[in-house]
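Data first, discussion second: the structure below is written as structure tokens.
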Amino acid sequence: MDEANDQRQQRIKKLEELRSLGVNPFGTHFEVTDRAGQLIQLHGKKTKEELERAGLRCRIAGRIVALRRFGKAAFALLQDGADRVQVYLKKDTLGEHAYRICVALDVGDWIGVSGLLFRTKTDEFTVDARELTFLSKALRPLPEKWHGLTDVETRYRQRYVDLIANPAIHEIFVTRSRIIGSMRTFLIEKGFLEVETPMMQSIPGGATARPFVTHHNALGMDLYLRVAPELYLKRLIVGGLPRVFEINRNFRNEGISTIHNPEFTMLEFYVAYADYTDLMTFTEELFTRLAQDVLGATTFAYQGMQINLTRPWRRLPWLQAIREVGMQENANPTALLSLLAQYTKAGKKDAKLVAELDETFQKIVEPKLIQPTFITDYPTELSPLARRKDADPSLTDRFELYVAGREIANAFSELNDPLDQRQRFEAQVARRQAGDEEAHALDEDFLRALEYGMPPTAGEGIGIDRVVMLFTNQASIRDVILFPQLRPEK
RNA sequence: GAGCCGCUAGCUCAGGAGGUAGAGCAUCGCCCUUUUAAGGCGAGGGCCCUGGGUUCGAAUCCCAGGCGGCUCACCA
């Protein structure tokens, strides 16, 4: 009945044919001694004659992604990881029994082959199969060979098909892994200890964001998925671990967009005895290293912009950025000037003015920060966990890094004065009571930890998904997350 | 959450002055032992996202809903 099952029915029929040949369509083991990529690298340049003389045997496995049949022979294109190699299946060579297996093959099936390397008449590097082992049957057809899979919804929902059909997507996630690997190596080289802190927290802290709530049955209590690991990592600094980092998921119960997924990956690291200016240098070094490792260059294109990571990067105080960029871009410079004047007069403590300036910054300044820029000296009002500037306690020793008009990192000298931290928490609690669901809750244990003494410390968070977007030239965060959040089908 | 756009065969897409649906690839049958978008001949395949409405008649027009994309709002 269901015509969606038409091709599926055909494949089930072939599956039964395999069984009748004594072949298990879902096998267990195949000794792989070669990888397609290796074979191509080692022997792919050899001439027809060289290959013939060498008589190289190989044993590979993979998925059939294309199948060109003749009467008594066939060419199968085998996908092995990121690489593809052609296999020649000939009745005379394989024998009657194995060739009957060939007849039951479909695109999508997994097979193992051992054979000899050669070149065809058309000079294609090919494995001439001597043995064929059927490994696993695919009951569903793969997307079409030229256009592949383009439907965005299917690509996200059925990422497994996307990965099969679109090699470029595969490549993005290889790059993602390399970026994270490179970060980890860099940090470990610099003497950091990798740690893991709670994802389930009874008091969600470390960022201004709405948390997800979950429930622990045995404890009979609600828990929150963390919005940031910050407060736990600082407890470790108190505990005497001078350099720690964590690469893990954060969860924020907020809107979804091309740059927001409810769960996202964050690198946070903390350095005792350092301040935020040290971290600017450190960040430049880290990104230079990443770019070199992943792209082999420190300039690259992102969505039509040419990004140049050459050091040093611009450093621009927050207020100055608003004044400079705001005056160029703002449709109403007079209003902005009066806003800035009011703010200065109000002793920089007026929460409403700060909020207005913050809005101006986000709307007008952010999109203009294309080349890597450190925006420094954020108002204390906006930075409840950051150390105050000695010269101006209304501002903090903090920076955010912007690249391609987007916030990539946030860092500051950590507030280690437990009494000041208590006051800041209390201010947050007041905002929470006034209805701000994103304001921090007061974490008594964190304050207790600070009272044991935290050395001067600088800490930073880097949104890894956004870094991956940058280095892989992707416009949407969904294209750098394997399984982005979607509503359920139906 | 709001606006705009999309949803038709397994995949990629046509069709949309209203008359119950087409192509290519894939599938199935026959031929074919060096192809690579293999080829030749033939065939089958559709809850046209869902539910209402208008109409003699709806894939097509109207309303509501679902899912997705983009933009905006909020955030990293």
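One gets my numbering by counting positions in the first sequence from 1 and adding 135 to each.
For each residue, glycine too, the CB sits at the ideal point set by N, CA and C.
Cα atoms of GLY355 and PHE386: separation of roughly 22 Å, rounded to the nearest angstrom. In the three-state DSSP reduction, GLU549 falls in the strand class (E or B).
Here the alpha carbon of ALA189 sits roughly 40 Å from the alpha carbon of THR607.
By a beta-carbon distance limit of 8 Å, PHE581 contacts ARG370. Their separation comes to about 7 Å. According to the DSSP secondary-structure assignment, GLN441 is paired through a beta bridge with ALA436. Under a 10 Å Cβ-count criterion, LEU536 is classified as buried, with 16 or more other Cβ atoms of the shown protein chains found around its own Cβ.
One thing to note: ASP555 has its Cβ no nearer than 8 Å to the Cβ of ILE338.
Annotated three-state conformation of GLN293 is coil, per DSSP. Under the DSSP assignment, PRO452 falls in the beta strand (DSSP E) whose first and last residues are 449-452. In its chain, beyond the 5 residues on either side, THR261 have a beta carbon closer than 6 Å to the beta carbon of THR255.
Under the Cβ criterion (8 Å, minimum of three pairs), the stretch 486-505 does not count as touching the stretch 362-379. Looking at GLY157, SER312 and ILE391, the one whose alpha-carbon comes closest to that of THR268 is GLY157. One Cα belongs to PHE347, the other to ARG613, and the distance between them is close to 20 Å. Per DSSP, the beta-bridge partners of GLN336 are TYR359. Sorting ASP218, LEU153 and LEU270 by C-alpha distance to the C-alpha of THR163 places LEU270 at the top. Each of ALA407, LEU202, GLU331 and THR433 was checked against the Cα of GLU419, and the nearest Cα belongs to THR433.
A straight-line Cα-Cα distance of about 50 Å links ALA470 and GLN293. Bridge partners of GLU266 according to DSSP: SER249. Taking a 10 Å sphere around the C-beta of ILE323, we find fewer than 16 other C-beta atoms and assign the residue as exposed. If only complete runs of 3 or more residues are kept, the stretch 468-524 shows the beta strand (DSSP E) at 508-511, in order along the chain. DSSP places SER392 in the strand class (E or B) of the three-state scheme.
Each residue's CA atom was taken as its position, placing MET589 and ILE382 some 22 Å apart.
For GLN221, the beta-bridge partners assigned by DSSP are LEU212 and THR261. Within its own chain, the residues whose Cβ lies closer than 6 Å to the Cβ of LEU150, once the five positions on either side in sequence are excluded, are PRO160 and LYS272, listed in chain order. Here PHE165 is actually not in contact with GLY243; their C-beta atoms are around 17 Å apart, not less than 8 Å.
Judged by beta-carbon spacing, GLU595 lies beyond the 8 Å limit of ASN551, meaning their Cβ atoms are not closer than that value. Its chain contains LYS483, VAL489, SER529 and LEU530 as the residues whose beta carbon lies nearer than 7 Å to that of PRO514, once the 5 sequence neighbours on both sides are disregarded; these appear in chain order.
Shown here for LEU520: same chain residues with a beta carbon closer than 6 Å to its own, the five before and five after excluded, namely LEU550 in chain order. Of the residues assessed, TYR405 falls on the buried side of the cut-off, its CB having 16 or more other CB atoms within 10 angstroms. Residue environment for TRP281: exposed (fewer than 16 other C-beta atoms within 10 angstroms of its C-beta). THR349 carries a strand assignment under DSSP once its states are collapsed to helix, strand and coil. It is roughly 6 Å from the alpha-carbon of LEU252 to the alpha-carbon of LEU186.
Cβ-Cβ distances below 8 Å link LEU358 to MET335, GLN336, SER337, VAL348, THR349, HIS350 and HIS351 in the same chain, with the five nearest sequence neighbours on each side left out; the list follows chain order. In this structure, DSSP gives TYR408 a state outside helix and strand, which the three-state scheme calls coil. In the assembly as shown, ASN396 is a buried residue. Its beta-carbon has 16 or more other beta-carbons within 10 Å. Per DSSP, TYR537 is one residue of the beta strand (DSSP E) stretching across 533-538.
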